[in-house]
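Here the structure is laid out as structure tokens; the discussion comes afterwards.
There are 2 protein chains.
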Amino acid sequence: MTEFRKDMLTNTWIIMAPERARRPMDVSQGSYLMEELTQWDQYCPFCPGNELMTPPEVLAYRKPGTGSNQEGWTLRVVRNKYPALSPSAEPKTVKKEDLRERIEGFGYHEVVIETTSHSRDFAQMDIGEIEDVIWAWRDRLLSLRADKRVRYALVFKNYGHNAGASLGHPHSQIIATPMVPKKIKEEVDSMRTYYENTGECLLCAMLHDEKTDGKRIVEENESFTAYCPYASASAYEIMIVPNQHASEFIQINGVAVKDLSQMFWSVSRRLNAVVGGLVPYNLWIHNNPWWQDCDTSFFHWHIELVPRLTQLAGFEVGSGFFINHTLPEEAAQKLTSIEIA
Amino acid sequence: MTEFRKDMLTNTWIIMAPERARRPMDVSQGSYLMEELTQWDQYCPFCPGNELMTPPEVLAYRKPGTGSNQEGWTLRVVRNKYPALSPSAEPKTVKKEDLRERIEGFGYHEVVIETTSHSRDFAQMDIGEIEDVIWAWRDRLLSLRADKRVRYALVFKNYGHNAGASLGHPHSQIIATPMVPKKIKEEVDSMRTYYENTGECLLCAMLHDEKTDGKRIVEENESFTAYCPYASASAYEIMIVPNQHASEFIQINGVAVKDLSQMFWSVSRRLNAVVGGLVPYNLWIHNNPWWQDCDTSFFHWHIELVPRLTQLAGFEVGSGFFINHTLPEEAAQKLTSIEIA
Chain A
51 MTEFRKDMLT
61 NTWIIMAPER
71 ARRPMDVSQG
81 SYLMEELTQW
91 DQYCPFCPGN
101 ELMTPPEVLA
111 YRKPGTGSNQ
121 EGWTLRVVRN
131 KYPALSPSAE
141 PKTVKKEDLR
151 ERIEGFGYHE
161 VVIETTSHSR
171 DFAQMDIGEI
181 EDVIWAWRDR
191 LLSLRADKRV
201 RYALVFKNYG
211 HNAGASLGHP
221 HSQIIATPMV
231 PKKIKEEVDS
241 MRTYYENTGE
251 CLLCAMLHDE
261 KTDGKRIVEE
271 NESFTAYCPY
281 ASASAYEIMI
291 VPNQHASEFI
301 QINGVAVKDL
311 SQMFWSVSRR
321 LNAVVGGLVP
331 YNLWIHNNPW
341 WQDCDTSFFH
351 WHIELVPRLT
361 QLAGFEVGSG
371 FFINHTLPEE
381 AAQKLTSIEI
391 A
Chain B
51 MTEFRKDMLT
61 NTWIIMAPER
71 ARRPMDVSQG
81 SYLMEELTQW
91 DQYCPFCPGN
101 ELMTPPEVLA
111 YRKPGTGSNQ
121 EGWTLRVVRN
131 KYPALSPSAE
141 PKTVKKEDLR
151 ERIEGFGYHE
161 VVIETTSHSR
171 DFAQMDIGEI
181 EDVIWAWRDR
191 LLSLRADKRV
201 RYALVFKNYG
211 HNAGASLGHP
221 HSQIIATPMV
231 PKKIKEEVDS
241 MRTYYENTGE
251 CLLCAMLHDE
261 KTDGKRIVEE
271 NESFTAYCPY
281 ASASAYEIMI
291 VPNQHASEFI
301 QINGVAVKDL
311 SQMFWSVSRR
321 LNAVVGGLVP
331 YNLWIHNNPW
341 WQDCDTSFFH
351 WHIELVPRLT
361 QLAGFEVGSG
371 FFINHTLPEE
381 AAQKLTSIEI
391 A
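As given, the protein sequences belong to chains A and B, one line each in that order.
In terms of this note's numbering, the numbers along the first sequence are unbroken and rise by one, the last being 391.
In terms of this note's numbering, the numbers along the second sequence are unbroken and rise by one, the last being 391.
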């Protein structure tokens with residue numbers, strides 16, 4: 051028997067249909083194993099020695115004595131060479147012609163080249179390398195936040211073809227926009243309504259409920275809890291939530307960076323071990339928007355890590371309902387029963 | 051220079067970034083050409099002779115004198131063997147436990163086996179065959195509409211791996227739910243607001259605007275107009291809209307079925323010719339929901355045909371913004387400049 055479960059955070063019904071995992075497929079689904087894992091690729095714009103193939107750095111962590119846009123870095127952030135948005139555009143110009151409304155493509159689109167290695171993702175990196183990725187996200191958000199035209203900046207990551215990555219070298223991206231994205235607005239609305247009705251943060255309450263129920267917890271440390279949400283939209287989806295209420299990711303401190311880094315490493319290893327191969331995934335951070343007047347009391351920042359094991363199909367895209375073929379209780383049970391080293 | 055364009059129908063901003071089509075890719079993107087095109091596959095549950103591999107028919111168009119669930123059909127509709135929802139579930143039972151809310155998976159999930167041929171899709175079918183597909187959708191919607199527990203039924207189609215198809219044999223699906231899907235609610239809200247403000251149907255106005263501007267029209271016939279919407283969320287997206295206001299697809303008549311059938315055929319051929327190969331796509335019908343009291347004045351039914359040429363990635367799924375790499379003006383220009391026969 052299948053069931054609808056309500057995602058309180060987005061006010062959306064999800065369909066849980068584990069029976070559908072058994073259906074036959076004759077259309078090739080590809081494989082999650084990437085080709086051979088090379089450490090360096092001469093044609094990759096993100097590999098060391100190819101610094102001039104990217105736009106100039108906006109941030110880099112490098113060995114002392116090495117110059118900008120040369121080798122010697124351990125992490126680089128550059129503007130996307132093919133940006134979706136540009137800071138030289140003018141966000142205020144709304145042009146309206148009958149029913150056709152447009153705004154110049156103002157914004158920022160940056161790429162965080164997470165490591166020098168062409169193929170080591172979170173599951174293969176050292177914890178210290180992952181810490182640097184997290185610090186780089188924070189550094190860039192602090193900088194983008196200073197541009198008062200920006201209302202939101204989404205940190206996200208696409209890993210593997212199924213997750214929409216066009217380049218294999220591990221990287222994350224940041225896109226900053228002059229308006230608050232739809233998905234963020236939905237969460238803001240749910241969290242605000244709940245706060246107004248109860249005086250409590252919705253995600254604090256959901257986290258407490260998950261911890262009490264216990265069936266979907268994957269990992270816990272001092273700073274964070276990782277769990278497969280009760281109303282996960284897709285299989286093996288993992289939510290990483292700070293244990294203490296905080297509205298913005300940039301409030302993260304040194305201990306929490308270490309804890310999050312450790313969690314990214316171990317959760318990625320669990321996923322790869324359970325699903326098999328190098329699991330394609332998306333990851334994003336949901337933050338309080340940068341309104342004129344940021345109320346920090348009701349929004350609780352969090353990270354969603356979404357393995358992309360199936361294609362989004364016509365029903366999902368055409369209706370907005372998601373069908374999940376793996377119960378989150380079962381996903382969590384499998385993820386926690388794995389030995390990782 | 052990129053730009054934001056507002057989709058008035060869903061009240062969503064889309065990012066138009068044609069420059070991004072030029073970016074390099076080293077992650078394999080697969081190919082749109084399917085393997086060899088076979089007319090019959092002994093293991094395919096949708097091929098003739100394999101009728102007992104599916105649940106029993108709920109509808110079939112067959113040659114006179116042939117019995118149910120045997121050969122002799124030209125089109126069959128069966129319950130999905132691995133249904134996301136079931137009519138034997140009880141839609142009213144909302145079970146709430148703290149923040150965990152669920153409803154039994156009530157609904158219908160049907161498969162329209164569109165043709166006997168394992169590999170002929172709209173672009174290869176006869177017009178008469180496509181007409182039968184459209185009549186079958188109508189017959190099934192009329193039947194599902196009689197179950198007063200159903201609030202919406204989405205007709206949709208997944209063709210090709212990138213579009214989420216698990217079986218290659220051309221088929222469409224219908225999923226009926228006890229609640230109105232999120233995407234439909236968004237359109238209802240936009241159309242209702244516009245109607246309340248202007249006394250006009252929003253989609254009538256948008257269609258008029260597209261016809262007047264003229265740059266994005268792909269095809270027109272007596273009953274329908276096909277165009278690449280001004281704020282298309284993805285490349286080569288095509289909207290098919292009835293020229294006369296009507297709130298529900300089931301109001302379609304014989305002339306319109308012929309016109310729509312012809313349009314599916316020619317639009318599919320145009321897409322395949324321009325993009326190359328057999329283009330993976332999703333298609334869905336958006337209808338007025340089956341509220342208790344259906345106001346038919348403001349909702350205008352329509353079809354969206356969405357080629358799935360790229361993967362939805364972290365930015366799209368995490369923010370709700372879509373990035374389109376092909377301007378709809380350019381898509382329409384290419385689609386209309388093709389000779390089809």
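Glycine included, each C-beta is placed from N, C-alpha and C at the ideal position.
Because the structure is a prediction, the values reported are computed rather than measured.
Simplified DSSP state of residue i, which is helix, strand or coil
{"i": "residue 205 of chain A", "result": "strand"}
{"i": "residue 323 of chain B", "result": "helix"}
{"i": "residue 142 of chain B", "result": "coil"}
{"i": "residue 113 of chain A", "result": "coil"}
{"i": "residue 374 of chain B", "result": "strand"}
{"i": "residue 299 of chain B", "result": "helix"}
{"i": "residue 212 of chain A", "result": "helix"}
{"i": "residue 315 of chain A", "result": "helix"}
{"i": "residue 135 of chain B", "result": "coil"}
{"i": "residue 328 of chain B", "result": "coil"}
{"i": "residue 256 of chain A", "result": "helix"}
{"i": "residue 229 of chain B", "result": "coil"}
{"i": "residue 305 of chain A", "result": "helix"}
{"i": "residue 310 of chain B", "result": "helix"}
{"i": "residue 402 of chain A", "result": "Nothing about residue 402 of chain A can be read from this structure; chain A reaches only from 51 to 391."}
Enclosing alpha helix (DSSP H) for residue i [first to last residue]
{"i": "residue 345 of chain B", "result": "Note, residue 345 of chain B: premise wrong, no alpha helix (DSSP H); not H, not E."}
{"i": "residue 388 of chain A", "result": "Residue 388 of chain A -> no alpha helix (DSSP H), and no H or E assigned at all."}
{"i": "residue 241 of chain B", "result": "232 to 248"}
{"i": "residue 185 of chain A", "result": "177 to 195"}
{"i": "residue 369 of chain B", "result": "364 to 369"}
Range covered by the beta strand (DSSP E) that runs through residue i
{"i": "residue 265 of chain B", "result": "Run containing residue 265 of chain B: none; DSSP gives neither H nor E here."}
{"i": "residue 355 of chain B", "result": "352 to 357"}
{"i": "residue 274 of chain B", "result": "274 to 277"}
{"i": "residue 56 of chain B", "result": "53 to 57"}
{"i": "residue 90 of chain A", "result": "First-last for residue 90 of chain A: undefined, no H or E at that position."}
{"i": "residue 340 of chain B", "result": "Note, residue 340 of chain B: premise wrong, no beta strand (DSSP E); not H, not E."}
{"i": "residue 292 of chain B", "result": "288 to 292"}
{"i": "residue 124 of chain A", "result": "123 to 129"}
{"i": "residue 62 of chain B", "result": "62 to 66"}
Own chain, CB closer than 6 Å to residue i, minus 5 neighbours either side, in chain order
{"i": "residue 359 of chain B", "result": "285"}
{"i": "residue 126 of chain A", "result": "107, 110 and 163"}
{"i": "residue 214 of chain B", "result": "208"}
{"i": "residue 323 of chain A", "result": "388"}
{"i": "residue 451 of chain A", "result": "No answer is possible for residue 451 of chain A: it lies beyond the span of chain A, which begins at 51 and ends at 391."}
7 Å CB neighbourhood of residue i in its chain, flanking five on each side removed
{"i": "residue 145 of chain B", "result": "152"}
{"i": "residue 180 of chain B", "result": "172, 311, 314 and 315"}
{"i": "residue 379 of chain A", "result": "265 and 266"}
heavy atom of the ligand SAM below 7 Å from residue i C-beta
{"i": "residue 237 of chain B", "result": "Within the structure as shown, the ligand SAM is missing, as the structure has no ligands at all."}
Which residues, in order along the segment 363 to 377 of chain B, keep a beta-carbon less than 8 Å from a beta-carbon of chain A?
Cβ contacts with chain A: 363, 364, 365, 366, 367, 368, 369, 370, 371 and 373.
Using a Cβ-Cβ cutoff of 9 Å, what residues of the segment 331 to 357 of chain B are near chain A? List them in chain order.
Answer in chain order: 331, 332, 333, 334, 335, 336, 354 and 356.
Between the segment 190 to 209 of chain A and chain B, which residues of the former have CB atoms less than 7 Å from a CB of the latter, in chain order?
Within the segment 190 to 209 of chain A, the residues whose Cβ lies closer than 7 Å to some Cβ of chain B are 204, 206, 207 and 208, listed in chain order.
In chain order, which continuous runs of the beta strand (DSSP E) of length 3 or greater are located wholly inside the segment 144 to 174 of chain A?
Qualifying beta strand (DSSP E) stretches, in chain order: 144 to 147, 150 to 154 and 158 to 163.
Can you give me, in chain order, the residues of the segment 288 to 313 of chain B that have a beta carbon less than 7 Å from any beta carbon in chain A?
Going along the segment 288 to 313 of chain B in chain order, one finds no residue with a Cβ nearer than 7 Å to chain A.
Short-range partners of chain B found in the segment 126 to 145 of chain A, where Cβ spacing is below 8 Å:
Taking 8 Å as the Cβ-Cβ cut-off against chain B, the residues of the segment 126 to 145 of chain A that qualify are 131, 132, 133, 134, 135, 136 and 139.
With 9 Å as the limit, tell me which residues of the segment 216 to 231 of chain A have their beta carbon closer than that to any beta carbon of chain B; keep them in chain order.
For chain B, the residues of the segment 216 to 231 of chain A that bring a beta carbon within less than 9 Å of one of its beta carbons are 216, 217, 218, 219, 222, 223, 225, 227, 228, 229 and 231, in chain order.
Listed from N- to C-terminal order along the chain, which residues in the segment 249 to 265 of chain B have their beta-carbon within a distance smaller than 7 Å of any beta-carbon of chain A?
From the segment 249 to 265 of chain B, only 255, 256 and 259 have a Cβ closer than 7 Å to chain A.
Pull out every residue of the segment 52 to 67 of chain A whose Cβ sits closer than 8 Å to any Cβ of chain B, in chain order.
Under the 8 Å Cβ criterion, the segment 52 to 67 of chain A contributes 52, 53, 54, 55, 56, 58, 62, 63, 65, 66 and 67.
Could you list the residues in the segment 86 to 103 of chain A with a C-beta less than 9 Å from some C-beta on chain B, going in chain order?
If you check each beta-carbon in the segment 86 to 103 of chain A against every beta-carbon of chain B, the ones closer than 9 Å belong to 91, 93, 94 and 95.
When you check each C-beta in the segment 144 to 163 of chain B against every C-beta of chain A, which residues fall closer than 7 Å?
Going along the segment 144 to 163 of chain B in chain order, one finds 148, 149, 150, 151, 152, 153, 154 and 155 with a Cβ nearer than 7 Å to chain A.
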